[in-house]
Amino acid sequence: MTDHPDRRRVLECMGWAGGGLVWGLTGGVAASALLGGTASAKVAGATPFTFVQVSDSHIGFTKDPNPDARATFREAVAHIKAMPQKPAFILHTGDVSHLSKDQEFDDADQILKEAGLPVFHVPGEHDMLDEGQGKAFLDRYAKDSPAKMMGDGWMSFDHSGVHFVGLVNVKELKAGGMGHLGEAQLAWLKDDLAHRAASQPIVVFTHIPLWTVYQDWGWGTDDSAEALKLLARFGSVTVLNGHIHQVLQKTEGHVAFHTARSTAFPQPAPGAAPAPGPMKVPAGQLHDVLGVRTVSLVKSAQPLVVVDQTLA
Amino acid sequence: MRFLLPALCATAALALAAPAPAAPAPVSVKIGNFTFNAPVVTVAPGTTVTWTNEDDIPHTVVADDKKTFRSKVLDSGETFSFTFTTAGTYGYFCSIHPHMTGKVIVKAS
């Protein structure tokens, strides 16, 4: 049992090449993956599967530094279509829309449809701004979701031995608080994980970070400790989120946290500005701070390679 | 007394001339840099408070109990008004960015 969590050592390898960041995690084997389109192929010689994370498309945003978030989302989708290895699916980690308007959701769906891949959605707080406070999002995405949405939209599914969990932490936020999962969702998560082997790799995807990146800006989730307790016994847990429009990573034990770039606009580093509003960048540099993420998993050695690529 | 008398007369004249009590002057709260400016306002009963979003990102104005008042989403430049008729302390926040909080204290002057 080469992947027993007790024997498992999680190694992180980070490097820069071609504007993309590679972050490799393996069980017992160092997977130092470098960019250049062959990152996943360097690992163990097994046939990997790849999926894509897109986030914070904010369709409807028209202000500085991006007057047309639709156009940059289209570019992100074109980027996905041009990938040498066809991804298995796309995770959209929220803020599909800017103001939860039907037209914004319609346009986002139309653009994303061009990728020709299944899409799993979890909402961001900007997707909860309709009269029904998230009903429009749920009505729209629950009916065609590749995995059954439960409660406010949380879900789980399996792919090639990896267990994926989509969590909703933008519903019923409280004054002075941060993101919130709530008791009902945590009870569901407990049941969902209860009978799974600790050796099964877990990928959690959600909108707001599950680690407290910066409390003063609400960049965290109030009750994430409860969820992380349930995930602690697993040997490989990868948490993917959006919300803060920049790439940050952190590892705690067997849990690796990755925040993703937006396809619409960047936000400042935690505490680096008076407020977390859109960061202004010269027009020629916008594509350097927008991006998509690919994640590749190799079954034999159970590595996971996260590659963040800009739209430049 | 010699000095006070004219002042008293003036006050009495004003009182006689004053119309029926008008609604208190409205109060404005600007939203900028992910902050309610001013975060605490004290007003008389009957005061209308208007919030204006001057940020380049949308915000909301929602009572802590989520019932007393709740704006729709306010895009840049949009406003929300609420008239406070009853004395009390009303905490509120932005439901999109809940670290943004404010308070309206309503009491007779």
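So the protein sequences, as listed, match chains U and S. For what it's worth, the working numbering labels the leading residue of the first sequence as 15, then goes sequentially. For what it's worth, the working numbering labels the leading residue of the second sequence as 2, then goes sequentially. Glycine included, C-beta positions come from ideal geometry on N, C-alpha and C.
If you check the CB distance, Val-66 of chain U and Ile-104 of chain U come in under 7 Å.
The three-state secondary structure of Ile-216 of chain U, taken from DSSP, is strand. Taking a Cβ-Cβ cut-off of 7 Å, the neighbours of Glu-139 of chain U in chain S comprise Ile-97, given in sequence order. Less than 7 Å divides the Cβ of Trp-233 of chain U from the Cβ of Pro-223 of chain U. Within the segment 53–107 of chain S, the complete beta strand (DSSP E) segments of 3 residues or longer fall at 80–85, 89–94 and 102–107, listed in chain order. In the structure shown, the three-state DSSP call for Lys-100 of chain U is coil. Looking at the backbone, the Cα of Val-44 of chain S and that of His-60 of chain S are separated by about 23 Å. The alpha-carbon of Pro-62 of chain U is positioned some 13 Å away from that of Val-320 of chain U. Interface annotation, Phe-94 of chain S: in contact with chain U, CB-CB separation under 7 Å. By the rule that beta-carbons nearer than 7 Å mark a contact, Ala-122 of chain U does not touch chain S. Non-local C-beta neighbours of Thr-80 of chain S in its own chain, meaning closer than 6 Å and more than five positions away in sequence, comprise Thr-51 and Thr-53, ordered along the chain. Among the CB atoms of chain S, one or more fall inside 7 Å of the CB of Leu-187 of chain U. In the three-state reduction of the DSSP assignment, Leu-203 of chain U falls in the helix class, which pools H, G and I. Burial check for Ala-109 of chain S: the Cβ neighbour count within 10 Å stays below 16, so the residue is exposed.
Counting the other Cβ atoms within 10 Å of the Cβ of Val-136 of chain U gives 16 or more, which makes it buried. Counting along the chain, no alpha helix (DSSP H) covers Gln-323 of chain U; the unbroken beta strand (DSSP E) around it starts and ends at 318–324. In this structure, the straight-line span from the alpha carbon of Ser-213 of chain U to that of Ser-250 of chain U is close to 7 Å.
At a beta-carbon threshold of 8 Å, none of the residues of chain S lie near Pro-280 of chain U; the nearest stands roughly 13 Å away. In the structure shown, the three-state DSSP call for Asp-172 of chain U is strand. Less than 7 Å separates the beta-carbon of Val-184 of chain U from that of Glu-139 of chain U.
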